[in-house]
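Residue numbers (the numbering used here): 574 to 860.
All remarks here apply to the structure that follows.
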Amino acid sequence: MLWFTEYYKGEGMELQGTGLSMKVKSSKYLKTPYQELLLLETEDWGKVLVLDGAVQTTERDEFIYHEMISHPALFTFPRQVEKVLVIGGGDGGTVREVLKHQPKEVVMVEIDREVVEICKKEFPSISNGLGDERVKLTFGDGREFVKDKEAEFDLIIVDCSDPIGPSVVLYQEDFYRDCFKALKEDGIFVTQSESPFAQNRVHRQVVRELEKVFPIVRPYLVFIPTYPSGMWSFTIGSKKLDPLGVAPSALGKLYRELIEREGALKYYNPEVHYGAFAIPNFVYREE
Ligand code: SAM
């Protein structure tokens, strides 16, 4: 039996002698023009996608990441969301969740075509939304894509990897400013914002940069067993709508309608919506 270990390292990683190991039944390696890709069949986590040595998606816990990058922002809208932009998100899980809110159009801009091709073939339960007729798949740099966009999207979701390689540009203030411009007047932006435990400085920097751009900034937490330390975060930047300002009765109604239409969710519910925004003291402690 083989074991795969992700050694925690890279830009912003504050754990230097820690990793995560998984028992592996089989593996496939390939080098794309952008990154090293490893597809693992594992004992405990089903199929696993690894990019540049970092676990991205596992069949067993992907629902947590994909529901929580999507639903808190989507349930903040008091109206139908029409046009959503997903940057990165090559496995398709984020698009799958966004489609549950019946948008007219979802544009996904992924830099690495090979990630999408592999995920379509190997992770059908995650990538199944990518073939939907409302989804427009574009291959290219999400940073470049937003530059000339104005008041076009209701929601922009940045589903990217750690700030190394092609993702670095998606962690910068000028990118957040272009996203602000690309959003409609009540638009919402959400990005994955690393582990507040294992990459505390990077997490805080994302929040700080977003605060320079958006009047409402709300980081929130989730539990993801296969990500460094298990504690993960997303951060919402919003022009007008506050995810904590949604009335519980309105949220409850929208939630019940969605699960009646689309089936049960596995992580997100209205209690989780409000609770996820509670942040423990150590995250923003004085240094
Ligand atoms: N959805 C995943 C999960 O479950 O954790 C998150 C990772 S997703 C695979 C990250 C994707 O972002 C990768 O496929 C990578 O190719 C893409 N990406 C990185 N930088 C990018 C950029 N500048 N523009 C567009 N896509 C980018």
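C-beta atoms are modelled at their ideal positions from N, C-alpha and C, and glycine is treated no differently.
These figures come from a predicted structure and were not determined experimentally.
Paired residues, beta bridge with residue i - DSSP
i    : result
Y580 : G592
F726 : L756
R791 : I809
Y602 : L611
V623 : L611, V628
T711 : V682
T567 : With the chain covering 574 to 860 only, the question about residue 567 has no answer from this structure.
F571 : With the chain represented from 574 up to 860, any question about residue 571 goes unanswered, as that position is not in the structure.
V597 : L575, T615
Residues near residue i in its chain [Cβ-Cβ closer than 8 Å; skip 5 each side]
i    : result
L827 : F648
Y749 : F762, E782, L783, K785, V786, F787, G810
K620 : L612, L613, E614, T631, E632, E695, F696
I737 : G583, E584, D625
S698 : E632
Cβ neighbours of residue i in the same chain (closer than 7 Å, five flanking residues each side left out)
i    : result
E725 : K656, A755
G803 : F796, I797
G825 : P843
T667 : H639, I642, S643, V659, I730, D732
P792 : S766, V780, S806, T808, I852
I691 : L610, L612
P686 : Before going on, a small fix: residue 686 reads as Arg here, not Pro. Excluding residues within five positions, the ones whose Cβ falls inside 7 Å are F712.
Residue i: CB within 7 Å of a non-hydrogen atom of the ligand MN
i    : result
H776 : Of the ligands this structure carries, namely the ligand SAM, none is the ligand MN.
Any non-hydrogen atom of the ligand SAM closer than 7 Å to residue i Cβ
i    : result
T578 : no
I684 : yes
C752 : no
E629 : Note that residue 629 corresponds to Gln in the displayed sequence, not to Glu. Answer for Q629: yes, Cβ within range of the ligand SAM.
L624 : yes
G803 : no
T667 : yes
V742 : yes
E609 : no
E695 : no
V719 : no
V688 : yes
S734 : yes
D747 : no
I660 : yes
P739 : yes
Y638 : yes
D664 : yes
R633 : no
G583 : no
G715 : yes
Beta-carbon contacts of residue i that lie in its chain and below 6 Å, excluding the five residues immediately before and after
i    : result
E678 : K656, R707
G592 : T578, E579, Y580, Y581
D751 : V719, K720
S768 : P801, S802, M804, W805
T799 : V628, T631, D634
Interface flag, residue i vs chain D, CB-CB below 8 Å
i    : result
K812 : The displayed structure is made up of one protein chain only, and chain D is not part of it.
Can you give, in chain order, each stretch of the alpha helix (DSSP H) that sits fully within the stretch 820-852 and has at least 4 residues? Note on the stretch 820-852: whole alpha helix (DSSP H) runs with a minimum of 4 residues are 821-835, 843-848, in chain order.
Which whole runs of the alpha helix (DSSP H) in the stretch 628-667 are 4 residues long or more, in chain order? Unbroken alpha helix (DSSP H) stretches of 4 residues or longer found wholly inside the stretch 628-667: 635-647, given in chain order.
Spell out a yes or no on whether the stretch 716-725 and the stretch 629-640 are touching, meaning 3 or more CB-CB pairs, one atom from each, closer than 8 Å. These segments do not touch.
Take every Cβ of the stretch 726-735, pair it with every Cβ of the stretch 697-711, and state whether three or more of those distances are shorter than 8 Å. Verdict: no, contact absent.
The stretch 658-665 contacting the stretch 732-742, beta-carbon criterion three pairs below 8 Å: Counting Cβ pairs under 8 Å, three or more are found: they touch.
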